[in-house]
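Enquirer:
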Amino acid sequence: MNCHTFFVRGLLAASCLMPVATRAQEATQLPPVDVSTQNAADQISSAPLSGRKLTRDDLRRRQAGSSDTADLLRAIPGVSVNTGGGFSAMPVVRGLSEQRLKILIDGRPIDVACPNDMNSPLSYTDPQLVQSIRVVPGVSPVSMGGDNIGGVINVESAPPRFATGPTMLVTGELSAFYRSNGDGFGGAATITLASEQLSATYTGAYTQSAQYDGGGDRGRVRSTEFEKTDQALALAWQNEAGLFTLKGGYHFSPYEGFANQAMDMVSNRSWFLNAGYAGEFDWGSAKLTADYRDTDHEMNFLDDKLPGAMPMNTQVHTFSTSLKVDVPISSRDTLRGGAEYHHQWLDDFWPAVPGSMMMGPNDYINVNAAHRDRVGVFGEWEAHWSDRLSSVAGVRLDRVSMNTGPVQPYSTGMMNMADAMAAAAFNAADRRKRDSNWSASLLVSYAPTESLALELGYAHKARSPNIYERYSWGRGAMASRMIGWYGDGNGYVGNLGLKPERADTVSAAIELTGANQKWSLRASPYYTHVDDYIDAVFVQNITGMMGAPTPWVQLRFANQKAELYGMDVSGRLQLLKGAGDDGTHMTLALSYLHGQNLDDGGPLYHQMPLDLKLGLEHRRGKLEAGMDLEWVARKKRVDATRNEPVTSAYALVNLRLAYRLSGVRLSVEAANLFDKAYDLPLGGVSLGDYKATALLRPVPGRGRSINLGLATAF
Amino acid sequence: MCADARLATAATTLLLHAAAIGAALAWVGSSVAPQASKQAGMPVFALYRPVPARAEASGQPHARETQSAAAMHPAGQAHALPPQAPSPAPAAGASLPLPQRPEAESAPFAAPGGAAAIASDGPSDGEATRYSQDLWRHIAARRPHGVQGRGTTLLTFRIDKDGALLAAKVVGSSGDYNLDRIALRTLRQSAPFPAPPAALASDRLEFTMPVNFH
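Protein chains in written order, with the working numbering: chain A, 1 to 714; chain B, 1001 to 1214.
1. If we require 4 or more residues per run, which alpha helix (DSSP H) segments fall completely within the stretch 469 to 550 of chain A?
2. I'd like the list of long-range same chain contacts for residue 372/A, defined as Cβ closer than 6 Å, with 5 residues on each side in sequence excluded.
3. Looking only at C-alpha atoms, which of 208/A, 541/A, 687/A and 282/A sits nearest to residue 241/A?
4. Among the residues of its own chain, which have a CB less than 7 Å from the CB of residue 512/A, if the five just before and after it don't count?
5. Helix, strand or coil: how does DSSP classify residue 1203/B here?
6. For residue 42/A, count neighbouring C-beta atoms within 10 Å of its own C-beta (all shown protein chains included) and say buried if the count is 16 or more, exposed if not.
7. Can you pull the chain A residues whose beta carbon is under 8 Å from the beta carbon of residue 1206/B, in chain order?
8. Would you please verify whether the beta carbon of residue 33/A is less than 8 Å from any beta carbon of chain B?
9. Examine the Cβ distances between the stretch 599 to 606 of chain A and the stretch 62 to 75 of chain A and report whether three or more of them are shorter than 8 Å.
10. Can you check whether the C-beta of residue 242/A is within less than 8 Å of a C-beta belonging to chain B?
11. Just to make sure I have the definition right: I need the residues of chain B whose C-beta is within less than 8 Å of the C-beta of residue 278/A. Which are they?
12. With 16 as the cutoff for other CB atoms within 10 Å, does residue 1092/B come out buried or exposed?
13. Pull the bridge partners of residue 272/A from the DSSP assignment, please.
14. Alpha carbon to alpha carbon, what distance is there between residue 572/A and residue 614/A?
15. Can you have a look at residue 646/A and say buried or exposed, based on whether 16 or more other CB atoms are within 10 angstroms of its CB?
16. For residue 238/A, go through chain B and note every residue whose CB falls closer than 7 Å to its CB, in chain order.
17. Output needed for residue 1194/B: all residues of its chain with C-beta closer than 7 Å, excluding positions within five of it in sequence on either side, in chain order.
18. Is residue 385/A helix, strand or coil by DSSP?
19. Which one of 385/A, 244/A, 624/A and 416/A has the shortest CA to CA distance from residue 357/A?
20. Closest Cβ-Cβ distance between residue 989/B and chain A: below 8 Å?
21. Please report the residue range of the beta strand (DSSP E) in which residue 317/A lies.
22. Along chain B, which residues have their Cβ under 7 Å away from the Cβ of residue 318/A?
23. For a contact meaning CB atoms closer than 8 Å, what does residue 162/A contact in chain B?
24. So residue 1228/B contacts chain A; which residues on that side make the cut at Cβ distance below 7 Å?
25. Is the beta carbon of residue 471/A less than 8 Å from the beta carbon of residue 370/A?
26. Along the chain, which unbroken stretches of the beta strand (DSSP E) at least 3 residues long are found entirely within the stretch 563 to 616 of chain A?
27. DSSP puts residue 61/A in a beta bridge; with which residues?
28. Excluding sequence positions up to five away, which residues of its chain have a Cβ less than 6 Å from the Cβ of residue 704/A?
29. Excluding the 5 residues flanking residue 197/A on each side, which residues of the same chain have their C-beta closer than 8 Å to its C-beta?
30. Assess, as a yes-or-no matter, whether the stretch 131 to 142 of chain A is touched by the stretch 260 to 275 of chain A under the definition of 3 or more beta carbon pairs within less than 8 Å.
31. Using a Cβ-Cβ cut-off of less than 7 Å, give me the residues of the stretch 45 to 74 of chain A that come near chain B, in sequence order.
32. Could you please give the first and the last residue of the uninterrupted alpha helix (DSSP H) stretch that includes residue 1157/B?
33. The beta strand (DSSP E) with residue 128/A in it runs from where to where?
34. Within 8 Å of any Cβ in chain B, is that where the Cβ of residue 391/A sits?
35. Measuring CB atoms only, is the stretch 543 to 554 of chain A touching the stretch 499 to 518 of chain A, in the sense that at least three cross pairs come out at less than 8 Å?
36. Going by beta carbon distance, what residues of the same chain come within less than 8 Å of residue 621/A, once the five residues before and after it are set aside?
Right under this line is the structure:
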């Protein structure tokens, strides 16, 4: 459409909207200027084409099916999850796992606070309360965050809402669900009261589930029960100076079973306070955040892993503050700069067990008041060369400093000799670490026509090892098996000599769109080379009492070289078009990934096999119906070093139906309709079952579940 | 030693942040002081309390106005928006001028005057329309990028015979003050505008324009 036509049409539209006063010689009405958040070129720094977003509508459709936010992210091509507990799965983006990602909740990072990563960042979110989730893979602009090589996941709560008149705004959303498999149920409420300047939003969610049954003949999957509650109060005040926000919240989980860990979570308490300021000025904009989080985490055994006791406690305090400034220096160029300070303090100790020969008489001090501090600064230049061509380039420096205090084993007796010697060596070593990590990113977005958009990106990213990777020291079989977030039963030993991972990624994204958006197809190939990739090398076989063999090995974290490449494809085809949003369309998502350890020549650990998802969605008036088909290939590329199990190919079918009745959305879903028996490719091994049955198997996926959902907004 | 260094780093970071924000606030705060503009007619980025668009038809005074409101609405004009002197400002930000709360309601986006000028008869209508197109294109080409948020801000502004921006203000808030400011900043940074045709009377150089964030 040429500019003149657009102007005239816009003018007509504006004239229709505006009641026309007939006074002569008054203000001339110009058509609206549209500031779109949909155009990829416009959004290059906040929503590049290679990234994807789940909206509230997407989440509402699926929230009855899972209480695990990470699990819902699997809808995005290129995202898979390493199984955790019922709400603690760890996302993997293009083969790079959670520790390599920057996961932000409302823009704030949440630190590791468990040697098994049981309270992963997304475990503090409930799908019913999340407004949107954006996933940007490895070429993310440096302004989105440092200390990651795999990309950024940003979970956003609803932004503060204000009344647009003198009447107080009262709005909110209520939801509830029930899942037949595991008798899971829960609910959530969001309530906002707001005037034009003040806004208060309460959010609360509760969820619980018993153990689920695997598909077909897999039977009960032990250690999969959970319960948790999340509550928060968000206050916002907008005034002449800008927007001020303050949000505090509390999370409590009294238990969460872990099918693939030796331990279970028996208590997790966390509270936080986030403060923020956002202001728009004549020269640009500024955002300031400051936040504090305190977490008390306890592990022990739930019923399936009894008898016995082995308390393990972790305490973490984190404090972050950041400043980001955007300065538009011309209509084409914007300069962006920022600084960030992040402090993590972590204490991890395992209290002595009275009467135990092995676990006493002293407490086992796993990590003694470690800290990991990071100061980051970045500069970025965003340029919009035309309506169709834009670029963003940035450089970032993150300086990470870490240290920890001396440690101690349960005892220095014969049973703990390996730990005692390791502790002595660890205490004698220099544990202070300093890393200066440079990152850079360049993205170019080009949309030559309405039906074609292209994006090219390159990034060099670096991240320092986390506290457990560097400071886990136990060499005894049991102590080392308590470390690790892989769900494989193996023992992991930290490495003081670890260097930061450094990754170079090139990525492209191409999107083709048909006339009237009847179809669209997006393909995004990528290649990542990682220097000093933190993998694990064999130390010894782990033996049981009296030297009996076990299925486990002890491994040490080590820097190696790795490469990952693959392609994500997604598409959408309109089959029927009705009035408004009515219609029928088909969706496609395909992820191919190849991860290789270049040092040992074997496949990287926990790499998702080929994954194809097809969907059919139909909407007519108040009725929504959908069918999903997911096919996952056999996982035969496995990491021999870690005894990774092969998993078979499988296909799952889900059916969904929803109806709106008097403002209430009622939904019913049959997940895994045919009760297909399958093993989770990234599920690890089922240790809860192993303890009870002495049979070792991969963690089975959930069998058929009828999920009922209820949601209403007011 | 290590704790000290950490504390010092944290304190320095916070101080730097506070200083930057303070400076920004002070700078903007000073820019709304009720003094005459250094360059006559130059717009000043206004800190204001926006009022929903529906306020306009109520006839209530609701200036979220720069110091040049008077220039924008000559006295005696039926729809003039009376300038409101900023109240004494002991501190930047909190005590900036607040408009009266609108009491009545009307349709959204009610602009002062509506689309009268383009549609009206007159010897210079062709020129006026062409100039409006040029003006709109000029501003649209400078729209901001990467803005998060949804809403519509209605702006009104006045330019002089050379295309310089005399005054600009928000007459309909999106409900999000920061979005309103972005809209106003976009307009201000688009200036100067193409010079209007000489035949266009100066009292026809006032415009309203919605900015849709979506």
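For glycine and all other residues, C-beta sits at the position ideal for the given N, C-alpha and C.
Expert: Answer, in terms of the structure:
1. Considered as a whole, the stretch 469 to 550 of chain A harbours 477 to 481 as its complete alpha helix (DSSP H) runs of no fewer than 4 residues, in chain order.
2. 344, 402 and 467
3. 282/A
4. 451, 452, 520 and 521
5. helix
6. buried
7. Within chain A, the residues near residue 1206/B are 26, 27 and 28.
8. Output row for residue 33/A: interface = yes.
9. no
10. So yes, residue 242/A belongs to the interface.
11. Within 8 Å Cβ-Cβ: 1178.
12. Note that residue 1092/B scores 31 on pLDDT, short of 50, meaning its location in the model is unreliable; the coordinates nonetheless yield the value given after this. Counting Cβ neighbours within 10 Å, residue 1092/B comes out buried, since at least 16 surround it.
13. 249/A and 293/A
14. Near 10 Å, if we compare the C-alpha coordinates of residue 572/A and residue 614/A.
15. A residue is called buried when at least 16 other Cβ atoms come within 10 angstroms of its Cβ; residue 646/A does not meet this threshold and is exposed.
16. 1177
17. 1134, 1135, 1138 and 1163
18. coil
19. Ranking the options by Cα distance to residue 357/A, first place goes to 416/A.
20. With chain B represented from 1001 up to 1214, any question about residue 989/B goes unanswered, as that position is not in the structure.
21. 312 to 328
22. Near residue 318/A there are no residues of chain B at all, since even the closest Cβ is about 12 Å away, more than 7 Å.
23. The answer, in chain order, is 1175 and 1176.
24. Outside the modelled stretch of chain B, which goes from 1001 to 1214, sits residue 1228/B, for which no answer is possible.
25. yes
26. 583 to 597
27. Looking at the DSSP assignment, residue 61/A forms no beta bridge with any residue, so it has no partner.
28. 672 and 675
29. 162, 237, 238 and 239
30. no
31. 45 and 46
32. Where residue 1157/B is concerned, there is no enclosing alpha helix (DSSP H), although the beta strand (DSSP E) it sits in stretches over 1151 to 1159.
33. Residue 128/A -> no beta strand (DSSP E), and no H or E assigned at all.
34. no
35. no
36. 582
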